[in-house]
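Q: Numbering (our numbering), first residue to last: 962 to 1388.
Ideal placement from N, C-alpha and C gives every residue a C-beta, glycine not left out.
Bear in mind that the values here come from a model prediction, so they are computed numbers and not experimental data.
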Amino acid sequence: MSRLRTPIPGPKSLELQARRKDAVAAGVGSTLPVYIDSADDGLLIDVDGNQLIDLGSGIAVTNVGNPAPAVAEAVHAQIDRFSHTCFMITPYEGYLEVCEELNAVTPGTHEKRSVLFNSGAEAVENAVKIARHVTGRQAVVVFDHGYHGRTNLTMALTAKNMPYKHRFGPFAPEVYRVPASYPLHDGLTGAEAARNAIAAIEKQVCADNTAAVVIEPVQGEGGFIAPAPGFLPAIADWCRERGVLFVADEIQTGFCRTGSWFASDHEGVVPDLITTAKGIAGGLPLAAVTGRAEIMDAVHVGGLGGTYGGNPVACAAALGAIRTMRERDLNAAARRIEETVVGRLRAVAEKTDTIAEIRGRGAMLAIEFTERTPDVAARVAKACHEQGVVVLTCGTYGNVIRLLPPLVIPDDLLAEGLDVLEGALLA
Ligand SMILES: *Cc1c(COP(=O)(O)O)cnc(C)c1O
962 MSRLRTPIPG PKSLELQARR KDAVAAGVGS TLPVYIDSAD DGLLIDVDGN
1012 QLIDLGSGIA VTNVGNPAPA VAEAVHAQID RFSHTCFMIT PYEGYLEVCE
1062 ELNAVTPGTH EKRSVLFNSG AEAVENAVKI ARHVTGRQAV VVFDHGYHGR
1112 TNLTMALTAK NMPYKHRFGP FAPEVYRVPA SYPLHDGLTG AEAARNAIAA
1162 IEKQVCADNT AAVVIEPVQG EGGFIAPAPG FLPAIADWCR ERGVLFVADE
1212 IQTGFCRTGS WFASDHEGVV PDLITTAKGI AGGLPLAAVT GRAEIMDAVH
1262 VGGLGGTYGG NPVACAAALG AIRTMRERDL NAAARRIEET VVGRLRAVAE
1312 KTDTIAEIRG RGAMLAIEFT ERTPDVAARV AKACHEQGVV VLTCGTYGNV
1362 IRLLPPLVIP DDLLAEGLDV LEGALLA
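#1: Measuring CB atoms only, is the region 1202-1211 touching the region 1172-1181, in the sense that at least three cross pairs come out at less than 8 angstroms?
#2: Taking all protein chains shown into account, decide if Asp1041 is buried (16 or more other Cβ within 10 angstroms of its Cβ) or exposed.
#3: In chain order, which beta strand (DSSP E) runs of at least 3 residues are fully inside the region 1303-1370?
#4: Within 7 angstroms: the Cβ of Gly988 and any heavy atom of ligand 1?
#5: Beta-carbon within less than 6 angstroms of Gly1055's beta-carbon, same chain only, minus the 5 sequence neighbours each way: which residues are those?
#6: Where does Cys1167 land, buried or exposed, given buried means 16+ other C-beta within 10 angstroms?
#7: Among Leu1234, Gly1229 and Ala1154, which has the Cα closest to the Cα of Ile1212?
#8: With distances taken from CA atoms, which of Ile1283, Ala1342 and Tyr1358 is nearest Ala1388?
#9: Leaving aside the five residues before and after Lys1126 along the sequence, list all residues of the same chain whose C-beta is less than 6 angstroms from its C-beta, in chain order.
#10: Using DSSP bridges, identify the partner residues of Ile1176.
#11: How many angstroms separate the CA atom of Phe1078 from the CA atom of Gly1271?
#12: Would Val995 pass as a contact of Leu1016 if the rule is Cβ separation under 8 angstroms?
#13: Between the C-alpha atoms of Ser991 and Leu1353, what's the straight-line distance to the nearest angstrom?
#14: In the DSSP assignment, find the unbroken alpha helix (DSSP H) run with Thr1285 in it and report its ends.
#15: Tell me which same chain residues have a C-beta within less than 7 angstroms of the C-beta of Asp1226, skipping the five on either side of it?
#16: Can Val1260 and His1071 be called in contact, C-beta distance under 8 angstroms?
#17: Over what stretch of residues does the alpha helix (DSSP H) that includes Tyr1137 continue unbroken?
#18: Consult DSSP for Val1262 and reduce its assignment to one of helix, strand or coil.
#19: What do you reckon, are the CB atoms on Pro1190 and Glu1135 nearer than 8 angstroms?
#20: In whole angstroms, give me the CA-to-CA distance for Asp1336 and Ile1159.
#21: For Asn1024, which of Gly1384, Leu1375 and Pro1367 has the nearest alpha-carbon?
#22: Considering only their Cβ atoms, is the gap separating Ala1294 from Val1179 smaller than 8 angstroms?
#23: Closest to Gly1220 by CA distance: which of Arg1111, Glu1299, Leu1364 and Gly1181 is it?
#24: Given that a residue counts as buried once 16 or more other Cβ atoms are within 10 Å of its Cβ, and exposed if not, what is Val989?
#25: Would a C-beta distance cut-off of 8 angstroms place Cys1217 and Asn1292 closer than the cut-off?
#26: Leaving out five residues on either side along the sequence, give the residues of the same chain with a beta carbon under 6 angstroms from the beta carbon of Gly1356.
#27: Report all residues from its chain with a CB closer than 8 angstroms to the CB of Ile1196; omit the five preceding and five following residues, and keep chain order.
#28: Determine the extent of the alpha helix (DSSP H) in which Lys1073 is found, giving its start and end residues.
#29: Grab the span of the beta strand (DSSP E) containing Ala1189 for me, first residue to last.
#30: Using only the alpha-carbon positions, how far apart do Ala1133 and Ile1319 sit?
#31: Using a 10 Å radius around the Cβ and a threshold of 16 neighbouring Cβ atoms, would you call Val1129 buried or exposed?
#32: Return yes when at least one heavy atom of ligand 1 lies under 7 angstroms from the C-beta of Gly1110, else no.
#33: Give the secondary structure of Val1102 by DSSP, where H, G and I count as helix, E and B as strand, and everything else as coil.
#34: Would you check whether ligand 1 has a heavy atom nearer than 7 angstroms to the C-beta of Ala1238?
#35: What would DSSP say about Ile969, mapped onto helix, strand or coil?
#36: So, for Met1257: in the same chain, excluding its five sequence neighbours on each side, which residues have a beta-carbon less than 6 angstroms away from its beta-carbon?
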């Protein structure tokens, strides 16, 4: 292919990869050890001059492009003014503006407050802190296939052992896991799956002990699983009736990724708390908890925070990113990507019996293979990588290829990436 000048990885990447072994802890993996020199919206250009088509967005982060002009400008301007003060010492306006934006774009028209952090895991931890504080209850309910991060509490909330939890215990207590809705595997309606989940909560924990239900409205690492319609609303209704906080972890699904600002919007679900990160700031580390004002304001002064949380440069980036989402209508862009990709992949699926399902929402799309082992997904991903197309895998069984193109990817580049993927699927 004309975009590639060397085999993948090229000689300079191989050299860096060899150097890395003596410098970087082995426990950090890299899907594709090609070292990046620059990026240009849907392209990653490596140190050997190869152009890779990016269908991963650094795990749903560079939704607005890479580099996005509005993000780059805002970051330059802010870093020249000041890089840090610590919002807990001397505050600045950018933090307020990001909270105002979050309060406006997240689901529901009720009064909201936000608090900013550095990573998704930190946001989830804080959502649990807030929920426990305000309810006076301890238990947290999570779901099969759920993923919420790699810190001690969020490992406990995460379902999959390998690679996230293996030999990293003991884990935080008072975490309970119940069945999710996985339409391809369980064949249940949303109402039926919700009845099962609620029965499990009531038997194993009881609402009176439960501070929060933490749920990804479309599961990410677990396999890009959208629950059957009605599942989320039924869980949210039960939470409201029983005084349990409904916490939507929208860290991967947020910020136009699924074709609406948040995946909860698709079913009109209004969470009590919502966690965001990944797509929020065009690649700079920023995360947030946004929620009902009376819940968020219940925590004592000084109870929430952190040295870097809501760093001014990350806030400037977020404001640039959110402006780009509005100006370029990236919700519509995500829906267009869905139409293109799903159309093409469903046609491919008819030609092979290795594919069990093409699914997803907006530009968060997946191919699940029939075989419940990682073999086929790994083979397809490897073939794409060798041809310069960055795709990621996921799933409890590792048998899912996930597509997360930047929402600004040019049509011809997306088509080119899909040509390669199609070839790999039919090989
Ligand atoms: C990535 C992710 C997290 C963790 O975010 P980090 O920034 O990696 O800590 C939590 N929840 C979901 C749904 C995620 O996709």
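A: If we stick to the structure as given:
#1: yes
#2: exposed
#3: 1316-1322, 1325-1330, 1353-1355 and 1361-1364
#4: no
#5: Pro1273, Cys1276 and Ala1277
#6: exposed
#7: Leu1234
#8: Ala1342
#9: Met1116
#10: Ala1209
#11: 6 angstroms
#12: no
#13: 11 angstroms
#14: Pro1273 to Glu1288
#15: Pro1068
#16: no
#17: Premise fails: Tyr1137 lies in the beta strand (DSSP E), Val1136 to Val1139, not in any alpha helix (DSSP H).
#18: coil
#19: no
#20: 35 angstroms
#21: Pro1367
#22: no
#23: Glu1299
#24: exposed
#25: yes
#26: Gly1184
#27: Ala1155, Ala1158, Ile1159, Val1174, Ile1176 and Phe1207
#28: Unbroken run through Lys1073 is the beta strand (DSSP E), Lys1073 to Phe1078; no alpha helix (DSSP H).
#29: No beta strand (DSSP E) contains Ala1189, which DSSP labels as neither H nor E.
#30: 36 angstroms
#31: Here residue 1129 is Phe; the residue named in the question, Val, does not match the sequence. Exposed: under 16 other Cβ atoms inside 10 Å.
#32: yes
#33: strand
#34: yes
#35: coil
#36: Arg1074
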